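Note sheet for the following structure.
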Amino acid sequence: MTSLRRFTGDRACTAADLLAAPVRWPRPSALAAVVEFDGAKARAGARTLGLETVQSLLEHLPRDRREARQIAELEDGETASIVVVVGSIGTRPVRRPGMRPLVVARVSDPSGTLRVTFFNQPWLVQRYPPGTTLLLHGRFDAARGFTVQAHAVTDAVAGAGGGPASVAHYPSTDGLSSTQILALIQRYAVHVADVIDPLEPRVRCRERLLSRPDALMAVHFPIGPEDVDTGRRRLAFDELLAGQLTLSLARRARKHALRAPVLATERTLTERWLATGLPFTLTGEQRAALAAIDADIARPEPMQRLLMGDVGTGKTVVALYAMLRAVEHGCQAALMAPTETLAEQHFSTLERLLGAELLQAALLTGSTPGARRSEILNRLESGELALIVGTHALIEEAVRFRRLGVVVVDEQHRFGVAQRAALDRKGADLGAGAEAPHVLHMTATPIPRTLALSRYGDLDFTVLAELPRGRQPVQTRICASDAERSHAYARMRAELDRGRQAFVVCPLVEESEALEARAATAEFERLRHGELQGYEVVLLHGQMKPSVKAAAMERFGAGDADVLVATTVIEVGIDVPNATVMLVEDADRYGISQLHQLRGRIGRGTHASWCVLFGRRESLRLQALERESDGFALAEIDLALRGEGEIAGLRQSGAVSFRFARLPEDAELLERATLLARAIADADPALEAPPHRLLARAITGDPALGPIAPIPA
């Protein structure tokens with residue numbers, strides 16, 4: 090542990106530090122060896138935890154550190170862990186034939202002494218001589234003493250004032266306890282010396298990091314209270330660096346391997362559209378987004394940009410601009426959405442923004458009739474049709490483009506990696522020499538920067554958070570009582586009487602005996618004969634036929650219906666500026682992001698709007714929505730409440746989950762890893778330079794280095 094202190098201080102590294110930690114090349118080691126377990130139950134437990142090799146065992150980090158019980162505190166019949174020092178130890182014969190002698194020891198801690206018994210392990214007399222500090226787990230009997238169930242030598246010592254010792258507590262399972270895992274780690278700790286550090290010493294010094302072997306020792310056997318986190322952060326840095334390096338290399342390889350059409354000159358169509366086709370003035374952030382897209386598509390490498398926009402910030406306008414830039418250069422453009430409802434809404438918005446005489450466009454979904462589908466496919470292949478909006482139907486083999494220049498993938502996290510890649514490849518449908526399209530990924534789900542970097546580090550980012558001029562933030566209130574519910578409906582009726590419109594959102598389509606939640610179909614019938622009698626109420630949910638859904642949306646969008654009772658099918662893409670009220674039933678059943686998206690369906694005009702969340706007033710998620718209207722701030726709150734692995738809507742095929750890193754806690758560490766990864770990828774994309782060869786082997790899982798991070802699909 091000599092270098093453990095070397096890298097934890099604040100002073101700069103010296104030449105001696107660099108010489109003390111030379112780069113070592115991988116050699117055959119014991120890290121890939123299978124761990125020897127005592128018994129079939131322990132082996133089964135190890136398989137459950139994935140701890141079958143020495144390497145996986147050493148990288149199984151403690152969940153936390155807990156205070157052990159003191160001898161004087163033990164209660165009759167209690168199962169507990171204690172940290173004690175052996176005073177005397179010996180064997181005692183057993184009367185039953187064939188049984189090994191018992192091992193009986195007298196142990197102590199600062200609170201007292203205790204008699205402990207080990208069964209069937211006479212060799213422990215030599216292994217645990219007097220003076221040995223042990224962690225024992227077992228059952229205390231006031232008359233018979235302490236029967237040991239699991240045991241390990243430990244470095245734990247009593248706390249300040251002779252209080253309880255701090256003991257590492259490992260994730261465990263049936264058949265393999267935390268104490269048994271600690272015993273195994275004690276046994277195999279010598280092989281930490283076989284772990285090769287993939288970071289060159291200069292980088293470790295600059296980033297003020299432990300060596301990888303020292304990091305593992307610091308986590309398992311800390312000298313001071315700060316060592317556990319110092320060690321974990323080094324392992325987290327490796328994990329984050331490998332993930333970012335994988336993304337950076339993929340990004341660079343894609344840009345250099347594929348050619349895209351250069352869309353840099355002609356601007357007649359977009360200039361005319363911006364001057365006459367927009368019903369509002371672009372925000373500063375929208376103009377910056379258009380400039381970033383122009384810079385991307387002016388290069389022969391395919392654009393790969395992620396447009397993250399808060400609700401109501403005008404993402405569709407930016408996407409349409411990118412598509413028109415392709416069209417005015419003689420190319421085609423496609424927008425792919427994850428649902429038919431969203432695709433239909435996008436198509437309606439594009440028609441409204443473009444005008445029928447400006448551009449020929451078509452909608453292609455799984456519900457498109459056969460004759461219409463054939464017509465669209467023929468026009469796409471001939472190049473007559475310049476712009477297409479659709480669902481995953483766009484990636485079917487029969488869909489062929491003459492020259493696809495720009496692709497927009499909306500709510501891209503809802504598509505798998507293979508689905509997105511299939512649309513990317515449509516630019517090469519016509520054989521060798523074809524160009525790949527520029528791709529604009531788009532999401533209405535604000536993503537914390539830490540998650541955006543960790544999962545979309547191969548993309549460039551553009552953020553839209555600025556609301557168009559005249560928009561007002563939506564007022565949000567929690568309603569938790571019958572009286573508040575009655576008041577909410579009274580206020581809704583007052584808004585309807587002023588000529589406004591409203592949404593009522595329910596979590597279920599049909600009533601369910603298993604789920605205590607309101608269903609859209611039943612609520613629709615109840616409201617039109619109850620609180621909303623006399624008003625025009627329509628129903629919309631995902632199980633309706635496309636023609637019925639389209640008719641309901643058309644009536645509501647045209648103002649012929651006052652209230653739309655719906656499920657979350659309206660979460661994105663619905664734009665009715667006259668809607669000023671939303672009531673969300675069973676709001677506790679939704680995540681922060683989804684509620685924010687739903688709330689974004691109102692407040693899209695110049696009128697004041699308000700959203701009512703029926704749920705528990707003590708809910709931290711609902712409280713956050715009540716006080717905060719910024720989607721990116723809400724995303725950070727959601728990340729803090731639930732962790733990176735549970736953020737709604739972000740998990741996708743190919744996403745990396747972390748073993749050591751913690752987000753957002755390690756945000757600064759991620760930024761540093763990202764900068765280093767991009768610098769390495771730019772300077773040495775083949776990872777052939779000596780300082781990078783170990784890192785390359787670590788990414789692919791060399792046993793001597795440890796699999797630092799999985800490579801995303």
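At position 264 of the sequence shown the residue is numbered 353 (the numbering used here), and the sequence of numbers has no breaks. Note that the Cβ used here is the ideal one computed from N, Cα and C, for glycine as well. It should be emphasised that the depicted structure is a prediction, and the values quoted were computed from it without experimental measurement.
Status (buried if at least 16 other CB within 10 Å, exposed otherwise) for residue i
i: residue 345; result: exposed
i: residue 208; result: exposed
i: residue 812; result: The chain is shown from 90 up to 802; residue 812 falls before or after that span and cannot be answered.
i: residue 212; result: exposed
i: residue 524; result: buried
i: residue 575; result: exposed
i: residue 183; result: exposed
i: residue 612; result: buried
i: residue 484; result: buried
i: residue 159; result: buried
i: residue 785; result: buried
i: residue 789; result: exposed
i: residue 378; result: buried
i: residue 755; result: buried
i: residue 716; result: exposed
i: residue 764; result: exposed
i: residue 619; result: exposed
Closest residue to residue i among the options (Cα-Cα distance)
i: residue 687; options: 240, 131, 534, 758; result: 534
i: residue 146; options: 265, 335, 681, 331; result: 265
i: residue 480; options: 494, 431, 490; result: 431
i: residue 177; options: 188, 192, 170, 171; result: 192
i: residue 291; options: 780, 350, 785, 789; result: 780
i: residue 532; options: 564, 554, 709; result: 554
i: residue 584; options: 598, 614, 624; result: 624
i: residue 391; options: 415, 609, 629, 728; result: 415
i: residue 311; options: 619, 561, 244; result: 244
i: residue 206; options: 234, 393, 255, 335; result: 234
i: residue 231; options: 640, 166, 758, 151; result: 166
i: residue 388; options: 692, 351, 362, 366; result: 351
Where residue i falls: helix, strand or coil (DSSP)
i: residue 788; result: helix
i: residue 343; result: helix
i: residue 699; result: strand
i: residue 198; result: strand
i: residue 690; result: coil
i: residue 335; result: helix
i: residue 471; result: helix
i: residue 514; result: helix
i: residue 210; result: coil
i: residue 258; result: strand
i: residue 632; result: coil
i: residue 177; result: strand
i: residue 227; result: strand
i: residue 566; result: strand
i: residue 778; result: coil
i: residue 561; result: coil
i: residue 413; result: helix
i: residue 297; result: coil
Any chain B beta carbon closer than 8 Å to residue i
i: residue 379; result: In the structure shown, chain B does not exist; there is a single protein chain.
Distance CB(residue i)-CB(residue j) smaller than 8 Å
i: residue 631; j: residue 667; result: no
i: residue 593; j: residue 652; result: yes
i: residue 197; j: residue 173; result: yes
i: residue 530; j: residue 548; result: yes
i: residue 287; j: residue 787; result: yes
i: residue 426; j: residue 435; result: yes
i: residue 650; j: residue 670; result: no
i: residue 119; j: residue 303; result: no
i: residue 333; j: residue 762; result: yes
i: residue 656; j: residue 598; result: yes
i: residue 684; j: residue 672; result: no
CB-CB length for residue i against residue j, believed under 8 Å
i: residue 329; j: residue 722; result: Contact doesn't hold; Cβ gap of about 24 Å is too wide.
i: residue 226; j: residue 170; result: 5 Å
i: residue 466; j: residue 487; result: 6 Å
i: residue 711; j: residue 704; result: 5 Å
i: residue 320; j: residue 331; result: Actually they are not in contact, since the Cβ atoms of residue 320 and residue 331 sit about 17 Å apart, beyond 8 Å.
i: residue 272; j: residue 309; result: Residue 272 to residue 309, Cβ: 12 Å. No contact.
i: residue 142; j: residue 122; result: 7 Å
i: residue 260; j: residue 189; result: 32 Å between Cβ atoms; not a contact.
i: residue 361; j: residue 381; result: That pair is no contact at about 22 Å.
i: residue 338; j: residue 543; result: Actually they do not touch by this definition, with Cβ atoms about 16 Å apart.
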